[in-house]
Amino acid sequence: MKSLDTLSFDNRFARLGDAFSTEILPEPIEQPRLVVASESALALLDLAASEAQRPEFTELFAGHKLWEEAEPRAMVYSGHQFGGYTPRLGDGRGLLLGEVVNEAGQHWDLHLKGAGMTPYSRMGDGRAVLRSSIREFLASEHLHALGIPSSRALCVTGSATPVWREKQESAAMVLRLAQSHVRFGHFEYFYYTRQHEHLKTLGEHVMACHFPQRLKQDEPWLALLREVIERNAAMIAYWQAYGFCHGVMNTDNMSILGITFDYGPYAFLDDFDANHICNHSDDTGRYSFSNQVPIAHWNLAALAQALTPFAAVEQLREALELFLPLYQAHYLDLMRKRLGFTSAEDEDEALIQRLLQLMQAGKSTDYTLFFRHLGERAPAEALTIVRDDFVDLAGFDAWSRDYLARCEREGGEQAERQARMHSVNPKYILRNYLAQQAIEAAEQGDYGPVRELHAVLSRPFDEQPDMQRYAERPPEWGKHLEISCSS
Ligand code: AMP
Ligand code: MG
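Note that my numbering has the sequence shown beginning at 92, numbered continuously upward.
In structure tokens, the structure reads:
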């Protein structure tokens, strides 16, 4: 085990030099206090949970203190935002403090979000509000617990520093952990500014640090794109299978590691609706739930464009063709598991499609609870219970007959089926209204609800008898919260 005082740093990205990032110190927030910390994220750095109780912990993650070995830097990148290219973005309010190497030899980027102004702040104030910091924290740790690839969050610190948004709020910081903070937009920046030497350095850095086996292949740049395609196909399959809407799939928010990254106005679907738009500022629905698949493909094409100095266009195009079939295979695999199948049949895809169409027609089926309830009892009985949430009952009955027949072919004991289904179908999901209630308490200085919600969502598949209220269907008001971009 390590302590806060014995962490080892190896700042590989900082060593790439000033073309890639700008040295800058965090600007502290006033009267800092620890809002919430994640024990499992602490463990990634080999830190015991008790380290979060030390005053130094809060000081470090509120910008009041810094390790000697840290080298805080703001990274430069650009990106396609809502389809249009913005030539320069970069860390406008977050700093890469350094890379900690844990006992297993893994590097973890420590990124402090809300750390003040940088050369990339544009019109912004360099701050993050308590509300959005808590949202990022809760989602990062919950997606990880669900098995969905994600950046992680170590803690949130709150403060008395005022920040203006639509109203006065308070500044906070969230400490994000990821094995890399390189985004698609990093590559785009060096490509569109024609700094191809730096583009090469960046690509080689990513391959050497994260995909060393790809560096050995004949066409390493093509191999790099394939790796990113494979990872993104898997990530998007999880999003679609679990009803996660990211909300701002700009290329500057897409991680080269294929992890869910930069949480903004995200949402998990409550009632299933393929057309759901979780971002209140997304007027055209570019980033609606069902558009996430073609948009991921579009984003990968934007990345491929940035790799054209080093790989043949025809080959990059061919690599891009891998995305949809890979996505589809992952998605089918996840959905089969959610429906309780261990085997694969050709008709499964149609069975899944029909189920989603029935949900879509009624818009009255809670997407998370449907699967949980389906596993709770033997199929025939479970179906009579979930049936109430569908509008097209004749359609549902026809689907039920086919599902029952499929379950019979699958065979096996109900106890085993339940255990299997419950291990992939969460009972607890991060609903926007639950986050909202915890945020409102935190804004009043009561951090109990955020901590409790975080604890519940860290074990989303487990029965937690005293926590039933977190597993209920949302109230009507809770389904229609309006959440916008950066805050
Ligand atoms: P986001 O919507 O959070 O992904 O941010 C998009 C871009 O705007 C990034 O370059 C951010 O660093 C920048 N940005 C967002 N909010 C702020 C802020 N309050 N101050 C400075 N820059 C910001
Ligand atoms: Mg961003």
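Ideal Cβ positions, reconstructed from N, Cα and C, are used throughout, including at glycine.
Residue nearest to residue i in terms of C-alpha spacing, selected from the options
i: M298; options: E147, R285 and F278; result: F278
i: Q444; options: G486, L465, A469 and L460; result: G486
i: D96; options: A165, L133, E573 and W158; result: W158
i: P210; options: F111, P470 and D537; result: F111
i: F552; options: S514, R560 and D493; result: S514
i: D483; options: P240, S455, I320 and D493; result: S455
i: L245; options: V339, R222, L415 and L133; result: L133
i: Y422; options: A324, L495, M345 and S372; result: A324
i: H388; options: R429, P400 and V319; result: V319
i: L544; options: A153, F228 and L290; result: F228
i: A230; options: E573, Q559 and S549; result: S549
i: P470; options: R497, T459 and F481; result: R497
i: T292; options: G569, R468 and G108; result: G108
i: E614; options: H235, E467 and D488; result: The structure shown has nothing for residue 614, since the chain only spans 92 to 578.
i: E130; options: P119, E142, S99 and Q122; result: E142
i: P119; options: D137, G174, G185 and R274; result: G185
i: V547; options: E534, D537 and A529; result: A529
i: I115; options: R124, M92, R164 and R145; result: R164
i: R564; options: L413, A410, F104 and D480; result: D480
i: A153; options: L201, L290 and E232; result: L201
i: G659; options: Y176, Q172, G196 and A219; result: Because the chain is modelled from 92 through 578, residue 659 falls outside the range shown and cannot be assessed.
i: L187; options: W199, M426 and E194; result: W199
i: H337; options: H371, A314 and Q304; result: H371
i: A562; options: G539, L525 and M92; result: L525
i: Q259; options: E534, Q559, P400 and Q505; result: E534
i: E531; options: S224, H233 and R322; result: S224
i: S578; options: Q270, S261, I239 and S94; result: S261
Helix, strand or coil at residue i according to DSSP, with G and I counted as helix
i: A219; result: strand
i: R285; result: coil
i: L316; result: helix
i: T209; result: coil
i: K454; result: coil
i: F461; result: helix
i: H171; result: strand
i: D374; result: coil
i: M512; result: helix
i: M166; result: strand
i: S224; result: helix
i: R106; result: helix
i: K518; result: coil
i: I574; result: strand
i: R274; result: strand
i: T351; result: strand
i: S131; result: helix
i: S434; result: coil
i: S231; result: helix
i: K93; result: strand
8 Å contact criterion, which residue i and residue j should meet: CB distance rounded
i: A365; j: L417; result: Going by Cβ atoms, the distance from A365 to L417 rounds to 21 Å, so no, they are not a contact pair.
i: G205; j: A251; result: Contact doesn't hold; Cβ gap of about 14 Å is too wide.
i: G334; j: W312; result: Incorrect: roughly 35 Å between the Cβ atoms, too far for contact.
i: G181; j: V167; result: 4 Å
i: D353; j: S169; result: Incorrect: roughly 14 Å between the Cβ atoms, too far for contact.
i: Y282; j: P178; result: Wrong, their Cβ atoms sit about 11 Å apart, outside the cutoff.
i: R267; j: S242; result: 5 Å
i: A410; j: L316; result: 5 Å
i: M345; j: R274; result: 6 Å
i: D361; j: K570; result: 5 Å
Range covered by the alpha helix (DSSP H) that runs through residue i
i: Q259; result: It is not in any alpha helix (DSSP H) - Q259 instead sits in the beta strand (DSSP E) that spans Q259 to A269.
i: P146; result: P146 to L151
i: K428; result: F414 to R429
i: A140; result: From DSSP, A140 is part of no alpha helix (DSSP H); its letter is neither H nor E.
i: R497; result: L484 to E501
i: A365; result: Note, A365: premise wrong, no alpha helix (DSSP H); not H, not E.
i: Y357; result: Unbroken run through Y357: none, as it is neither H nor E.
i: N382; result: Neither: N382 is in no alpha helix (DSSP H) and is coded neither H nor E.
i: N523; result: N523 to E534
i: H545; result: G539 to L548
i: V477; result: P470 to V477
i: V404; result: V404 to L411
i: Q559; result: Neither: Q559 is in no alpha helix (DSSP H) and is coded neither H nor E.
i: Q555; result: Taken as a continuous stretch (DSSP letters only), Q555 belongs to no alpha helix (DSSP H), as it is neither H nor E.
Unbroken beta strand (DSSP E) run spanning residue i, endpoints
i: S112; result: S112 to E114
i: Y176; result: G175 to T177
i: H198; result: H198 to K204
i: C246; result: R243 to W255
i: E190; result: G185 to V192
i: L125; result: R124 to A128
Taking 6 Å as the limit, name every residue whose beta carbon sits nearer than that to some heavy atom of ligand 2, in sequence order. D343, N344 and D353
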